[in-house]
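Numbering (my numbering), first residue to last: 1 to 407.
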């Protein structure tokens, strides 16, 4: 009889606890599913189980009160530099950072290394970075075989820009390669862009372009109006060198034409690629980048960029609605890298979740030139979940008070 009652109690308890974790009372913003309201979010077996009103606390093994906070998909940063496995030159080491040290604390669950590795060293990148990171690390593979090992040397070596082996390695690692990257090329020719495009055609992938030196022989307008295909990305959208404005400060129409063609504009803030003199008039005139990204590296994180939520906050203070900022930080970038399983909170999706606090106060935000924009709102990551597990908890929201914990 006693054994039978124990079994019944166990079955009843198991039936009651349908969820592993319940985030209760938060304001859910899930752009893909057009949710912008207070909802409870339940997780089971590392997946989103339900997003509904008033889910019973008794149905969850663990309940976290997130009232007054925003619950969003895990943030997706499509431009970072995390090839930090060795102290190699530039972005193959010394300029890069460890992914796990800078992702979760900003609500980021997916990072895409932007061309640190090329086909010659991609195996090393996968072994030492991707497979050793708790963060989901994906990659743009560089058209230069040696990757970003030297802006003045290797990245100018046209002979090492080989579409065939680049595409072959991209396809061999298609689970993590999202596209082809070209960056830092100084020459007057279109060769770097054209070879990246050829590799992209061979592999069936988009390309991301850091246009580097702007030259009259290869006008930026031609890049976005003639060279790039629908789905290709120009990063560093608000770089000072981009010819965005006319002499009267009006946004030039070709930018909207390029967007109509399907060209994507990404923030790619970085240490030197975001100017208030470009961003403020552009956003005010309706040209908001399609995706927000950091261009995270050892210089940018200690300068005006700082981290993902800081970059998001800049757009909030430019007047972009919060739901639009979240869209450009989650579902938009997930689609751009063709990882539609990410960036949303659909039941059944992987439970990557960011819980954000919107602070109000007196804040200042720096651009790449050390110029300040004053603001009154700032986002901060309170809680981050990756695959349903708490990986960042700023104030211990998901923890048990020490004096209530059993010994």
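Heads up, the beta-carbon is just placed ideally off N, CA and C, and yes, glycines get one too.
Check: Just the Cα atoms here: how many angstroms apart are residue 46 and residue 398?; Outcome: 16 Å
Check: Looking at the strands, I want to know which residues DSSP matches up with residue 27.; Outcome: 38 and 70
Check: Quick check: residue 301 and residue 379, are their CB atoms within less than 8 Å of each other?; Outcome: no
Check: Where does the unbroken beta strand (DSSP E) through residue 194 begin, and where does it stop?; Outcome: Note, residue 194: premise wrong, no beta strand (DSSP E); alpha helix (DSSP H) at 191-203.
Check: With a 10 Å radius around its C-beta and 16 neighbouring C-beta atoms as the bar for buried, classify residue 55 as buried or exposed.; Outcome: buried
Check: Expressed to the nearest angstrom, what Euclidean distance is found between the alpha-carbon atoms of residue 74 and residue 251?; Outcome: 33 Å
Check: Let me confirm a value: residue 58 is counted as buried when at least 16 other C-beta atoms fall within 10 Å, else exposed. Which label applies?; Outcome: exposed
Check: Taking only the alpha-carbon atoms, compute the straight-line gap between residue 236 and residue 404 and give it to the nearest angstrom.; Outcome: 50 Å
Check: Between the C-alpha atoms of residue 209 and residue 382, what's the straight-line distance to the nearest angstrom?; Outcome: 33 Å
Check: Does the beta-carbon of residue 402 have 16 or more other beta-carbons within 10 angstroms, so that it is buried, or is it exposed?; Outcome: exposed
Check: Closer than 6 Å by C-beta to residue 21: which residues in its own chain qualify, once you throw out the five before and the five after it? Chain order, please.; Outcome: 43 and 62
Check: Could you tell me which of 265, 372, 233 and 355 sits nearest to residue 30, measuring between CA atoms?; Outcome: 355
Check: What is the rounded straight-line gap between the Cα of residue 233 and the Cα of residue 76?; Outcome: 15 Å
Check: What is the DSSP secondary structure of residue 400, counted as helix, strand or coil?; Outcome: coil
Check: Is it right to say residue 282 is buried, meaning 16 or more other beta carbons lie within 10 angstroms of its own, or is it exposed?; Outcome: buried
Check: Could you compute how far the alpha carbon of residue 78 sits from the alpha carbon of residue 406?; Outcome: 43 Å
Check: Jot down the residue ranges of each uninterrupted alpha helix (DSSP H) in the region 254-305, minimum 4 residues, whole runs only, in chain order.; Outcome: 254-260 and 276-284
Check: Can the beta-carbon of residue 116 be found closer than 8 Å to that of residue 96?; Outcome: yes
Check: Would you mind stating whether residue 343 and residue 32 have Cβ atoms separated by less than 8 Å?; Outcome: yes
Check: Quick check on residue 327: does DSSP put it in helix, strand or coil?; Outcome: helix
Check: Looking at residue 411: is its Cβ nearer than 8 Å to the Cβ of residue 174?; Outcome: Any property of residue 411 remains undetermined from this structure, which presents the chain solely from 1 to 407.
Check: Taking 6 Å as the limit between beta carbons, can you name the residues of its chain near residue 118, skipping five residues before and five after?; Outcome: 142, 144, 145, 146 and 147
Check: With distances taken between CB atoms, is the gap from residue 318 to residue 351 smaller than 8 Å?; Outcome: no
Check: When we look at the beta-carbon of residue 37 and count the other beta-carbons within 10 Å, is it buried (16 or more) or exposed?; Outcome: exposed
Check: Using 10 angstroms around the beta-carbon of residue 395, count the other beta-carbons present and answer buried if the total reaches 16, otherwise exposed.; Outcome: exposed
Check: Within 10 angstroms of the Cβ of residue 414, are there 16 or more other Cβ atoms? Answer buried if so, exposed if not.; Outcome: Outside the shown range of the chain, which is 1 to 407, sits residue 414, and nothing can be said about it.
Check: Return the chain-ordered list of same chain residues with a C-beta closer than 7 Å to the C-beta of residue 105, the five sequence neighbours on each side being excluded.; Outcome: 381 and 392
Check: Just the C-alpha distance for residue 357 and residue 68, rounded to the nearest angstrom, thanks.; Outcome: 8 Å
Check: Counting only the same chain and skipping the five closest in sequence on each side, list residues whose C-beta sits under 7 Å from that of residue 17.; Outcome: 59, 60 and 61
Check: Measuring only the C-alpha atoms, how far is residue 292 from residue 157?; Outcome: 30 Å
Check: Report the three-state DSSP secondary structure of residue 312 (helix, strand or coil).; Outcome: helix
Check: Does residue 290 pass the burial test, meaning 16 or more other C-beta atoms within 10 Å, or should it be called exposed?; Outcome: buried
Check: Considering only residues of the same chain and omitting the five flanking positions on each side of residue 320, which have a CB-CB separation below 7 Å?; Outcome: 283 and 288
Check: Hey, would you say residue 130 sits closer than 8 Å to residue 80, going by beta carbons?; Outcome: no
Check: Select from 66, 70, 50 and 34 the residue whose C-alpha is nearest the C-alpha of residue 28.; Outcome: 70
Check: Just how far apart, CA to CA, sit residue 225 and residue 219?; Outcome: 10 Å
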